[in-house]
Each structure stands twice: as C-alpha cells, then as structure tokens.
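Some notes on the structure that comes next.
Now the structure itself:
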C-alpha cells in the first residue's frame, strides 16, 4: 500500500496534515481519501492546495552568498504526496518497459554496479589491445529543478501513459506555485514553469577527442532545449596514451582534463594519466563501499 511507504517525520504542507495523522485515523479516513482520489482520477482536476508548496533553503557548503550552495526543500501536502505515490505505483511497470537498458538507477531489478563493471571492463580491454579511449563524465546542474514541464509530459506521451494521468499532471503543474520561506516570513507565491516535484553522472565514450567534442556539443544542445544545463565545473574528460591530445570545448567552455574521477563510488584513475611510464602497471581501483496502491 502507498500509505505504508509514506515517510513519518516529514513537515506537512499548508493543510497541516502529517503522514502520522493519515496512518493513525484508520479505515474511515482512508475511505474518504479513496473517494477523493477517485474523484481526481475521473475528473482530471486536482485540489488547488496540491499545487502550492513552501520552499526553505538549507545551506550546504561554500560561499553563503551564492544561491547554488543552498539546497531547496519543498513542503508539500502529504495528501498530495500520497496521491503521487499511488500514481507512481500504477505507472512504474509501464514506464520501466520504455527505459533503455543503460538506465540502471531508480529501477527495480537493475543496479549501477553493472555500470561500474562495464566501465572497468572497457578500460581494461582498451589497455589490453592498445586501443584509443576517451571518457567524459557529464554532470547536470540541479536536473530535477530545471527540466521543463512540457518535456516531462511529452515523454509520458511517448511512453503511452493513460491520458487521464497526463491530464492530472498538466493540471498540477499548470498552476504550480512556490513561496520561499526565510525565518518566519514567506514571499508571495511564484509561478513555476520548470522542475519536477519530488542525477546520475552520464558517461560518454569515444575513440577520439574530436568525436567526443561533437557528442558533447550535441548533448548540450538537446539538453538546453528541455531546460537541462551541463555543469561545466564538474564535467571532466579523460583519455589514454593512444589518443591524440586536443582541447575539448563545449559552447564556450574548455573542459578540464583530470587524472582520476569518482564514478558511482568507484575511482577511475591512473590509466588515463598522460605520458606516464607507469601506465602499463596501473589498474582501475575496485569499488569502494562507504561506512501497492492505497486501495487494492
């Protein structure tokens, strides 16, 4: 049941309803919620409070005058969160069928360990057969907050999701607003046009830096069209000694060449140090391990 997966201890939305309250009131309240949810599903419109959120900024690290160093936390209606869990459970199987095999994270039965092993084998085989290999680790800036809503809805249509669910999402996001809370004061509601209410690093491979540059600029162009922005400060490149060196520029930014990168907890290093006599004796480091619907 979706209610069992609703986390306790989370701040409620403006209605003041907590997960604990929903779980404690028993069958009578669940019957009322079931009636509400069915009304939303059949009518295609959602209660207006579901589209409103209050955002609080939590400082992460770095300069406290830079907005990018703060993490936004949204306080949403717990009833809305429960409804979204119900929809997620219903759509999970269909959406999973449309995912490419390269998508391993956030999927049942898949693991990013496959990605780690694949990368390690590719690195080892190119070393064994003296083949050129270039890698780029692409990082996106606040992907969940920046993706354009139309792109999400279009993607759902391509996955052949029932139009009723898409209409509900359109209703939610067409009037989605947020208010920023600082101490005990909040701003006026701000209309939202991008972001999903709730990134892995992408690895590109090529045999030459010229091909890699073309792939990166194509990816950057497509990403910008749907609201995604590559984080040039965290996007890095590597290549082995069988590759002819040249600068890799995306847009107007020259990407940094690095000797090691932490990919999904695994350090890829040394094999890609340029002009080193230790090249043949180095290896990739092993993985490092750090310390139902609401109704039937």
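Residue numbers (my numbering): 1275 to 1570. By construction, the Cβ of each residue, glycine as well, lies at the ideal position given by its N, Cα and C atoms.
In this structure, residue 1361 sits near residue 1439, with a CB-CB distance shorter than 9 Å. Between residue 1311 and residue 1407, the gap from beta carbon to beta carbon reaches 9 Å or more. DSSP places residue 1392 inside the alpha helix (DSSP H), whose first and last residues are 1387–1402.
Proximity of the stretch 1490–1505 to the stretch 1522–1536 meets the contact definition, three or more beta-carbon pairs being nearer than 8 Å.
The DSSP-derived three-state label of residue 1463 is coil. Under a 10 Å Cβ-count criterion, residue 1437 is classified as exposed, with fewer than 16 other Cβ atoms of the shown protein chains found around its own Cβ. Within the DSSP secondary-structure output, residue 1346 pairs in a beta bridge with 1331. One alpha carbon belongs to residue 1464, the other to residue 1453, and they sit about 6 Å apart. By the Cβ neighbour-count rule, residue 1313 is exposed, with fewer than 16 other Cβ atoms within 10 Å of its own. Residue environment analysis places residue 1287 among the buried positions, since at least 16 neighbouring C-beta atoms fall within 10 angstroms of its C-beta. Taking the CA atoms as reference points, residue 1485 sits about 41 Å from residue 1364.
With respect to residue 1328, residue 1349 sits close: the two C-beta atoms are nearer than 9 Å.
Burial of residue 1540 is indicated by the presence of at least 16 other C-beta atoms within 10 angstroms of its C-beta. Shortest Cα-Cα distance from residue 1318 to any of 1370, 1392 and 1441 involves 1441. In this structure, the alpha-carbon of residue 1381 lies about 7 Å from that of residue 1370.
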